[in-house]
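Below is one structure, written out as structure tokens; comments come after it.
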Amino acid sequence: MIETIERQTKAKVEFQEITGEIQRLVESASIETGMCHVFVPHTTAGIIVNEHADPSVVQDIAECLNRLVPQDSEYHHAEGNAPAHIKASLMGSSLTLPIENGKLVLGTWQGIFLCEFDGPRRRNIVLNIIKA
Amino acid sequence: MIETIERQTKAKVEFQEITGEIQRLVESASIETGMCHVFVPHTTAGIIVNEHADPSVVQDIAECLNRLVPQDSEYHHAEGNAPAHIKASLMGSSLTLPIENGKLVLGTWQGIFLCEFDGPRRRNIVLNIIKA
Amino acid sequence: MIETIERQTKAKVEFQEITGEIQRLVESASIETGMCHVFVPHTTAGIIVNEHADPSVVQDIAECLNRLVPQDSEYHHAEGNAPAHIKASLMGSSLTLPIENGKLVLGTWQGIFLCEFDGPRRRNIVLNIIKA
Chain A
767 MIETIERQTK
777 AKVEFQEITG
787 EIQRLVESAS
797 IETGMCHVFV
807 PHTTAGIIVN
817 EHADPSVVQD
827 IAECLNRLVP
837 QDSEYHHAEG
847 NAPAHIKASL
857 MGSSLTLPIE
867 NGKLVLGTWQ
877 GIFLCEFDGP
887 RRRNIVLNII
897 KA
Chain B
767 MIETIERQTK
777 AKVEFQEITG
787 EIQRLVESAS
797 IETGMCHVFV
807 PHTTAGIIVN
817 EHADPSVVQD
827 IAECLNRLVP
837 QDSEYHHAEG
847 NAPAHIKASL
857 MGSSLTLPIE
867 NGKLVLGTWQ
877 GIFLCEFDGP
887 RRRNIVLNII
897 KA
Chain C
767 MIETIERQTK
777 AKVEFQEITG
787 EIQRLVESAS
797 IETGMCHVFV
807 PHTTAGIIVN
817 EHADPSVVQD
827 IAECLNRLVP
837 QDSEYHHAEG
847 NAPAHIKASL
857 MGSSLTLPIE
867 NGKLVLGTWQ
877 GIFLCEFDGP
887 RRRNIVLNII
897 KA
């Protein structure tokens, strides 16, 4: 079952949590055991799982990526968003999560984040919920 | 259904696009909805999705990785290709893509790239096309 | 079929190989063709495939990550383990491997490693073994 989530990002760089919406779609799929594949069909955004209890964790990830891939370095790509493309591949575009007892298996501290690196933009997240 | 693609890389570091070949194999599998798992069975190559319209994007990714993981740093691994191993894990060895209406779901700008970090070599890419 | 592996890590940063245990669980599942999804339900640990023949390869990966994400940089997260969270997302929390002829498809040099970045801790690894 393929579902698409739409999100509006509000800043150039923003880690937006999407756990609740994915969890609800998984629960409504009524699949006891399986997996949920999450895919970002964009080249300047990524997808990760990391801590959602303290929002400073994703702020630290974003700032570290800014240091590793500085905006003012020299790039060939002429649109000014080369760092966003590089960060997207460092974080990844594809994430798979287990489904057990009809719910996503996530650790206590884990949340799913859309990683915007070239916002603000309208973004899609493609979910593929598969029965085992 | 498991299929193996073979590719020859031509440079030490090279991002070689493999989208067309994967799309054709997915189409010939005649699966309406499902997923395509792409795996690189090598330790000095990776796999990503990023922009394929402008080849300078993957050139920027390659050059940024060269800065982050310099060839002339000190490494324990004696074969001289420690940076290639590190870059492979930064990009990842495994990628999953949704299949809808018998085709890969990819964004307008997205292409699939084999990331060679220790070429030139003969490389395999293992595809696993699965019905949902 | 969902299975959980438990591992005790012994150092702050440690790449612990878990290939053998996953291979045995895959073989006991008696699935001819399919995939094995490996998920780490933690926010300061990751999962990768890389060389297992020479242990200095994962040592080089760990040391390079220490240089890229230094412990003594400035972070907002107050628990002192912000670098562990960042490294976890650079390596990733989710990995999928093909199963063919009842076994994991892995390259000659490939092993699966749990990447501990904030140990020593008790860690779980969630396996989801799926028939194609």
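From first to last, the protein sequence lines stand for chains A, B and C. Offset between the first sequence (1-based) and our numbering: plus 766. Offset between the second sequence (1-based) and our numbering: plus 766. Offset between the third sequence (1-based) and our numbering: plus 766. We treat Cβ as the ideally placed atom computed from N, Cα and C, and that holds for glycine. All values reported here derive from a predicted model rather than from experimental measurement.
Alpha-carbon spacing of residue i relative to residue j, whole angstroms
| i | j | result |
| --- | --- | --- |
| A:L831 | C:T799 | 38 angstroms |
| C:E793 | A:I865 | 22 angstroms |
| B:I844 | C:D826 | The question names Ile, but residue 844 of chain B is Ala in the sequence shown. Distance between the alpha carbons of B:A844 and C:D826: 11 angstroms. |
| B:I814 | A:E817 | 24 angstroms |
| A:V779 | A:F883 | 5 angstroms |
| C:V871 | B:P807 | 8 angstroms |
| B:I784 | A:V823 | 35 angstroms |
| B:V804 | C:H842 | 37 angstroms |
| B:R887 | A:Q774 | 43 angstroms |
| A:E890 | A:G786 | It should be noted that the sequence gives Asn, not Glu, for residue 890 of chain A. The straight-line gap from Cα to Cα measures roughly 16 angstroms. |
| B:L791 | A:E840 | 38 angstroms |
| B:K897 | B:M767 | 9 angstroms |
| C:N847 | C:P836 | 11 angstroms |
| B:I788 | A:A854 | 21 angstroms |
| B:E769 | A:K869 | 32 angstroms |
| A:D838 | B:S859 | 30 angstroms |
| A:I771 | A:I895 | 13 angstroms |
| B:A795 | A:A795 | 25 angstroms |
| C:G885 | B:G885 | 35 angstroms |
Reduced DSSP category for residue i - H, G, I as helix; E, B as strand; rest coil
| i | result |
| --- | --- |
| C:M857 | helix |
| B:I813 | strand |
| B:H808 | coil |
| B:Q789 | helix |
| C:I865 | strand |
| C:R887 | coil |
| A:V871 | coil |
| C:I771 | strand |
| B:V824 | helix |
| B:E780 | strand |
| B:I797 | coil |
| C:E829 | helix |
| A:H851 | helix |
From the options, residue whose alpha carbon lies closest to that of residue i
| i | options | result |
| --- | --- | --- |
| C:K776 | C:I852, C:L880, C:L834 | C:L880 |
| B:M801 | C:T862, C:Q876, C:L872, C:L870 | C:T862 |
| A:A819 | C:E783, C:T874, C:H851 | C:H851 |
| B:I797 | B:N867, B:G885, B:T874, B:R888 | B:N867 |
| C:L834 | A:E829, A:D838, A:Q837 | A:E829 |
| C:F781 | C:M857, C:P849, C:W875 | C:M857 |
| A:G873 | C:L791, C:A848, C:V892 | C:V892 |
| A:P821 | A:I896, A:K897, A:W875 | A:W875 |
| C:T809 | A:I878, A:A811, A:N894 | A:I878 |
| A:P849 | A:T770, A:A811, A:I771, A:I895 | A:A811 |
Proximity test, residue i beta-carbon vs the ligand FMN heavy atom, cut-off 6 angstroms
| i | result |
| --- | --- |
| B:T810 | This structure lacks the ligand FMN; in fact it carries no ligand of any kind. |
Legend entry - Members of the segment 811 to 833 of chain A that neighbour chain B once the beta carbon cut-off is set at 9 angstroms: Within the segment 811 to 833 of chain A, no residue has a Cβ lying closer than 9 angstroms to any Cβ of chain B.
Inset, instruction - Anything in the segment 848 to 863 of chain A with a Cβ closer than 7 angstroms to a Cβ of chain B? List those residues in chain order, please. - result: Of all residues in the segment 848 to 863 of chain A, only A848, H851, I852, A854, S855, L856, G858, S859, S860, T862 come within less than 7 angstroms of chain B when Cβ atoms are compared, listed by chain position.
Legend entry - Interface residues of the segment 771 to 783 of chain C facing chain A [CB-CB below 7 angstroms]: Here the close residues number zero.
Legend entry - Residues of the segment 786 to 804 of chain B whose Cβ lies closer than 7 angstroms to any Cβ of chain A, in chain order: Residues are counted here when their Cβ sits less than 7 angstroms from a Cβ of chain A; for the segment 786 to 804 of chain B these are T799, M801, given in chain order.
Inset, instruction - Anything in the segment 863 to 889 of chain B with a Cβ closer than 7 angstroms to a Cβ of chain A? List those residues in chain order, please. - result: Answer in chain order: L863, P864, E866, V871, L872, G873, W875, Q876.
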